[in-house]
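Visitor:
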Amino acid sequence: MAHHASPGGAATAGWADAWLDPASFATGWAGVAQGVGSGAAAWGHWGLMVVAMMLPGLVPSVRHAAFASPRRRRHRTTALFVGAYLALWMIVGLGVTLVVGLLRPGVMAAAAVLVAASAWELTPVVRRALARCHRSVPLGIEGRTADVAALRFGWFHARACVITCAPFMVALTFAGHPLWLTLGIATVTCLQKLGADAERWVHPVVVLGALSAVVLVGTS
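So, in structure tokens, the structure goes:
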């Protein structure tokens, strides 16, 4: 009587062969390493993008962190403020990098996120976040209290910026960072942060986001 191997047995045998065969084992780990390296590079690219696009609009807050502190603490307070600000953005970037690695979104997804980000700009949540971008918080003078205050100020400011700008940054990542879109988003985010009246830029940003989605689809 002939015996037929069950699918489960075949799968088990396949796994056994993969583990016992040094070549298959090495190939599998090479693929894992390549994936991890690609993800790390994408996360690093996100960090560079945040530094290039977000920090210019942070200048007034950096000046406040520096000059609201005693001279001997200025460098430390500024470093803690910027470090906390970047830390939240990097946490967001880790999530975006994982999504990109798993879903491989394309131009249509990027255009959809651009439209959604433009609509998001019209919500009261974004208007309140824009107002917080122009606020400062009291900073301590000495010791741990001053360190915690600087970290809290950086986190407070980063949270407002993430609420306002993260959807556009996600769209930019999905689109593959085209130069024209990068420059456009960097410009409008800086104008929103540096302008005395941030709300005056809300409708131009909405229009620019919608037009960018059309251009992105049309040029793909």
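Here the UniProt record's numbering is used: the first residue of the sequence shown is 1, the next is one more, and so on. We put the CB at the ideal spot given by N, CA and C, even for glycine.
1) Can you grab the Cα-Cα spacing for the pair L88 / M169, in whole Å?
2) Please go through the same chain and pick out, in chain order, the residues whose beta-carbon is closer than 7 angstroms to the beta-carbon of A116, but skip the five residues on each side of it.
3) Out of curiosity, what's the CA-to-CA distance linking G57 and R132?
4) Can you check which of these residues, W180, S118 and L194, is closest to P207 by C-alpha distance?
5) Look at the alpha carbon of A213 and the alpha carbon of L183, and state the distance between them as a whole number of angstroms.
6) Find the nearest neighbour of V82 within the set G95, V62, M90 and R73, judged by alpha-carbon distance.
7) Near L172, what residues of its chain come up, given a Cβ to Cβ distance below 7 angstroms and the 5 sequence neighbours on each side ignored?
8) Hey, how far is the Cα of G39 from the Cα of L98?
9) CB-CB under 7 angstroms to F153, same chain, minus the five flanking residues each way: which ones, in chain order?
10) Can you tell me which of V59, R200, L86 and G176 puts its alpha carbon nearest to the alpha carbon of A110?
11) At the level of alpha carbons, what is the spacing between T219 and D147?
12) State yes or no: is the C-beta of V126 within less than 8 angstroms of the C-beta of I163?
13) Please go through the same chain and pick out, in chain order, the residues whose beta-carbon is closer than 7 angstroms to the beta-carbon of A30, but skip the five residues on each side of it.
Guide: Quick answer:
1) Indexing the sequence shown from 1 puts residue 88 at position 88. Indexing the sequence shown from 1 puts residue 169 at position 169. So the alpha carbons of these two residues sit roughly 14 angstroms apart.
2) Translated into the one-based positions of the sequence shown, residue 116 becomes position 116. P167.
3) Locating residue 57 in the sequence shown gives position 57, counting from the first residue. Locating residue 132 in the sequence shown gives position 132, counting from the first residue. So the two alpha carbons sit approximately 13 angstroms from each other.
4) Looking up residue 207 in the sequence shown gives position 207. The question names Pro, yet the displayed sequence has Val at residue 207. Of the listed residues, the one whose Cα sits closest to V207 is S118.
5) Residue mapping note: residue 213 aligns to position 213 of the sequence shown, counting from 1. Residue mapping note: residue 183 aligns to position 183 of the sequence shown, counting from 1. Going from the Cα of A213 to the Cα of L183 covers about 15 angstroms.
6) Counting from one through the sequence shown, the residue named residue 82 turns up at place 82. Closest by alpha carbon: V62.
7) On the sequence shown, position 172 is the one that residue 172 refers to. Hits under 7 angstroms: L181, T182 and I185.
8) On the sequence shown, position 39 is the one that residue 39 refers to. On the sequence shown, position 98 is the one that residue 98 refers to. Rounded to whole angstroms, G39 to L98 spans 8 angstroms at the Cα level.
9) Walking along the sequence shown from the start, residue 153 turns up at place 153. The residues are A65, F81, V137 and L139.
10) The count along the sequence shown starts at 1 and reaches residue 110 at position 110. Out of V59, R200, L86 and G176, G176 has the C-alpha closest to the C-alpha of A110.
11) As a working note, residue 219 is residue 219 in the sequence shown. As a working note, residue 147 is residue 147 in the sequence shown. Roughly 48 angstroms separates the two Cα atoms.
12) Counted from its first residue, the sequence shown places residue 126 at position 126. Counted from its first residue, the sequence shown places residue 163 at position 163. In contact: V126 and I163 (Cβ atoms closer than 8 angstroms).
13) Residue 30 sits at position 30 when you count from the first residue of the sequence shown. Confidence is the limiting factor: at A30 the pLDDT is only 48, short of 50, which leaves the residue's position unreliable, though a coordinate-based value still follows. Answer for A30: no residue qualifies.
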